[in-house]
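Asker:
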Amino acid sequence: MINTNATNFRKNMFHMLEQTIKYNEPVNISTKDGNAVVISEEDYNGLMETLYLCSIPNMRDTIREGIQTPASACVPEDGVEW
54 MINTNATNFR
64 KNMFHMLEQT
74 IKYNEPVNIS
84 TKDGNAVVIS
94 EEDYNGLMET
104 LYLCSIPNMR
114 DTIREGIQTP
124 ASACVPEDGV
134 EW
């Protein structure tokens with residue numbers, strides 16, 4: 054995580070945003086009134102998706118179950134009916 058203050062962020066905004074977008078490097082901007090964090094849109098969307106999935110009852114347990122299931126026990130991709 055890049056730590057900076059508002060003045061330095063303003064001076065180096067393009068470079069810091071580029072680091073955030075290209076390398077998913079969050080930027081923590083400190084001010085006298087508190088801090089703000091800039092993250093990439095990709096990271097933001099991932100966080101929102103995680104929050105959504107965690108809000109569905111039993112979804113977390115289902116995901117954990119799936120992670121522990123060996124690939125050999127799964128249905129092959131061409132065997133799935135959409």
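The numbering of the sequence shown is my numbering, which starts it at 54 and goes up by one. We put the beta carbon where it would ideally sit given N, CA and C, even for glycine.
Closest to F45 by CA distance: which of G87, I74, A126 and I82 is it?
Answerer: Residue 45 lies beyond the stretch modelled for the chain, which goes from 54 to 135, so this question has no answer here.
Asker: Distance cutoff 8 Å, beta carbons only. Does I82 sit that close to anything in chain D?
Answerer: Any reference to chain D falls outside this structure, which holds one protein chain only.
Asker: Quick one: measure Cβ to Cβ for E78 and M101, integer angstroms, because I've assumed they're closer than 8 Å.
Answerer: The residue given as residue 78 occupies position 25 in the sequence shown. The residue given as residue 101 occupies position 48 in the sequence shown. No, E78 and M101 are not in contact; Cβ-Cβ is about 19 Å, not under 8 Å.
Asker: Quick check on the burial criterion: 16 or more other C-beta atoms within 10 angstroms. Buried or exposed for M69?
Answerer: Here residue 69 is taken as the residue at index 16 of the sequence shown, counted from 1. Result: buried.
Asker: Do V80 and T103 have their CB atoms nearer than 8 Å?
Answerer: Taking the sequence shown and counting its residues from 1, one reaches residue 80 at position 27. Taking the sequence shown and counting its residues from 1, one reaches residue 103 at position 50. No. Outside cutoff.
Asker: Is DSSP giving I116 helix, strand or coil here?
Answerer: For the purposes of this step, residue 116 is taken as residue 63 along the sequence shown, with counting starting at 1. The answer is helix: DSSP assigns I116 an H, G or I state.
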